[in-house]
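Here is the structure we will look at.
Residue numbers (the working numbering): 216 to 305.
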């Protein structure tokens, strides 16, 4: 958990391109989505989704955590919109 203040609105608005906005809107309706799920639902490549997720996380609009392990191997990350992210899209 980070106690850093959210980035300035201007910086946030500049970073919020159409694909990133689509990811944010999707995550508000479907929390705990994985990168693969976002890729399939938004019809974007996994690379594009992951790049956009890194930017959204860097400006504190989303957070990520590991999902619960269902099988062997490392569980995927799941993503959620932060309070700052909700305030930006509403």
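Even for Gly, the Cβ is constructed at its ideal location relative to N, Cα and C. Just so you know, these numbers come straight off a predicted model, no measurement behind them.
(request) Specify the secondary structure class of residue 289 as computed by DSSP and reduced to three states. (result) coil
(message) Please state the DSSP three-state secondary structure of residue 236.
(response) helix
(message) Spatial neighbours of residue 292 within its chain, please: C-beta separation below 8 Å, excluding the five flanking residues on both sides.
(response) 249, 250, 279, 280, 281, 282
(message) If contacts are defined as beta-carbon pairs under 8 Å, then residue 253 and residue 274 qualify, I think. What distance do you get, rounded to the angstrom?
(response) 17 Å between Cβ atoms; not a contact.
(request) Could you tell me the distance, in whole angstroms, from the CA atom of residue 298 to the CA atom of residue 304? (result) 10 Å
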